[in-house]
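Residue numbers for the sequence shown follow the numbering used here, beginning at 51 and rising by one.
Step one of this worksheet: look at the structure below.
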Amino acid sequence: VGMTGATLQMFSHGLITGLLFVMVGLIYDRAHTRNIDELSGLAHVTPVIATALVLAGLASLGLPSMSGFVAEVTVFLGALGRFQAPTVLAVLGIVLTAGYILWMVRRVVFGPKDPRWADLPDATAWWEQVPLAAMLAVIIAIGIFPRQLVDVIEQGIAPIASRLS
Numbered sequence: 051v052g053m054t055g056a057t058l059q060m061f062s063h064g065l066i067t068g069l070l071f072v073m074v075g076l077i078y079d080r081a082h083t084r085n086i087d088e089l090s091g092l093a094h095v096t097p098v099i100a101t102a103l104v105l106a107g108l109a110s111l112g113l114p115s116m117s118g119f120v121a122e123v124t125v126f127l128g129a130l131g132r133f134q135a136p137t138v139l140a141v142l143g144i145v146l147t148a149g150y151i152l153w154m155v156r157r158v159v160f161g162p163k164d165p166r167w168a169d170l171p172d173a174t175a176w177w178e179q180v181p182l183a184a185m186l187a188v189i190i191a192i193g194i195f196p197r198q199l200v201d202v203i204e205q206g207i208a209p210i211a212s213r214l215s
C-alpha cells in the first residue's frame with residue numbers, strides 16, 4: 051500500500067503542481083505580478099481563471115473526489131502501520147497546507163474587487179481552456195476512479211516490492 055500510495059502521490063502531485071504553475075503563468079501573463087498581496091478579487095473579472103485556481107487549490111489540499119486525496123490517504127494508510135508518530139505529524143502538515151492554500155484562494159479569488167484588474171482578460175482562448183479542462187478532468191477522474199491507475203501502478207511496483215520483502 052505504501053509504495054502504491056507513494057507512486058500515486060508522485061503522479062498526482064506532478065499533475066496538480068503542473069496545473070498550479072499553469073494558473074500562475076496565466077495570472078502573471080495578464081497582471082504581471084505573482085504577489086498575492088497585489089492580487090484580489092479575480093473572480094469578478096476572470097471567472098475561468100478563478101474557477102480553475104480554486105479547483106487546483108482544492109486538489110492540492112487533498113479534497114475528497116480529487117487525485118490528491120486518494121494519493122495522500124493511500125500514503126498515510128501505508129505508513130501508519132510502521133510509522134505512527136511521523137504519520138500523525140504528516141497529517142497535521144496537511145492541515146497547515148489546507149490553511150495556506152485556502153488563505154491564498156480567499157485573497158486572490160474572493161478578495162475585494164481591485165480596480166487595477168477591472169480589464170484583466172480571462173482565459174477565453176481554446177488553447178488556454180483545453181489544457182485547464184484536461185488537467186482538471188484527469189485530477190477528478192483519478193479522484194473518483196482511482197482503481198484503474200492503481201492497478202497499473204501495482205503491476206509496475208510488484209517486482210520491486212517482492213525484492214524488498
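Ideal Cβ placement from N, Cα and C applies to all residues, glycine included.
Check each candidate in Ala-81, Leu-130 and Val-120 and name the one with the smallest Cα separation from Trp-167.
Mapped onto the sequence shown, residue 167 falls at position 117. The candidate whose alpha carbon is nearest that of Trp-167 is Ala-81.
According to the Cβ coordinates, are Ala-148 and Thr-137 closer than 7 Å?
Taking the sequence shown and counting its residues from 1, the one referred to as residue 148 is at position 98. Taking the sequence shown and counting its residues from 1, the one referred to as residue 137 is at position 87. Cβ distance not < 7 Å, so Ala-148 and Thr-137 don't count as in contact.
Taking only three categories from DSSP, how would you classify Ser-110?
One-based indexing of the sequence shown puts residue 110 at position 60. Three-state result, Ser-110: helix.
In angstroms with no decimal places, state the Cα-to-Cα distance between Ile-86 and Arg-157.
Sequence index remark: in the sequence shown, residue 86 carries index 36 (1-based). Sequence index remark: in the sequence shown, residue 157 carries index 107 (1-based). Taking the straight line from one Cα to the other gives about 7 Å.
Assumed close pair Ala-106, Leu-76 - CB separation to whole angstroms, cut-off 8 Å
Position 56 of the sequence shown, counting from 1, holds the residue named residue 106. Position 26 of the sequence shown, counting from 1, holds the residue named residue 76. Actually they do not touch by this definition, with Cβ atoms about 11 Å apart.
Please tell me whether Ile-194 and Ser-115 are closer than 7 Å, where the distance is taken between their beta carbons.
Here residue 194 is taken as the residue at index 144 of the sequence shown, counted from 1. Here residue 115 is taken as the residue at index 65 of the sequence shown, counted from 1. Contact: yes.
The alpha helix (DSSP H) that contains Trp-167, what's its start and end?
Numbered from 1 along the sequence shown, position 117 holds the residue referred to as residue 167. Neither: Trp-167 is in no alpha helix (DSSP H) and is coded neither H nor E.
Environment of Gly-143 [buried if 16+ CB atoms lie within 10 Å]
Residue mapping note: residue 143 aligns to position 93 of the sequence shown, counting from 1. By the 10 Å Cβ count, Gly-143 comes out exposed.
Using a threshold of 7 Å, state whether the C-beta atoms of Val-125 and Gly-55 are closer than that.
For the purposes of this step, residue 125 is taken as residue 75 along the sequence shown, with counting starting at 1. For the purposes of this step, residue 55 is taken as residue 5 along the sequence shown, with counting starting at 1. Cβ atoms of Val-125 and Gly-55: closer than 7 Å.
Alpha carbon to alpha carbon, how far is Val-95 from Tyr-150?
Along the sequence shown, one-based indexing puts residue 95 at 45. Along the sequence shown, one-based indexing puts residue 150 at 100. Distance between the alpha carbons of Val-95 and Tyr-150 is about 23 Å.
Which class does Ser-215 belong to by DSSP, given the choice of helix, strand or coil?
Taking the first residue of the sequence shown as position 1, residue 215 is located at position 165. Coil at Ser-215, not helix or strand.
State the DSSP-derived secondary structure class of Pro-136, mapped to helix, strand or coil.
By 1-based counting over the sequence shown, the position of residue 136 is 86. Three-state DSSP puts Pro-136 in a helix.
Could you check whether Leu-182 and Ile-192 sit closer than 7 Å to each other, using their CB atoms as the reference points?
The sequence position of residue 192 within the sequence shown is 142, counting from 1. The sequence position of residue 182 within the sequence shown is 132, counting from 1. For Ile-192 and Leu-182, no; Cβs fall outside 7 Å.
Under three-state DSSP, which class holds Leu-142?
Taking the first residue of the sequence shown as 1, we reach residue 142 at position 92. Helix, per DSSP.
Give the secondary structure of Ala-100 by DSSP, where H, G and I count as helix, E and B as strand, and everything else as coil.
Counting from one through the sequence shown, the residue named residue 100 turns up at place 50. Ala-100: helix per DSSP, three-state reduction.
I need the DSSP call for Ala-175, collapsed to helix, strand or coil.
Residue numbering aside, residue 175 sits at position 125 when the sequence shown is read from its first letter. The answer is coil: DSSP assigns Ala-175 none of H, G, I, E or B.
Who are the Cβ neighbours of Val-120 in its own chain at under 7 Å, not counting the five residues just before and after it?
To locate residue 120, count along the sequence shown from 1; it is residue 70. Excluding residues within five positions, the ones whose Cβ falls inside 7 Å are Leu-58, Ile-192, Gly-193 and Pro-196.
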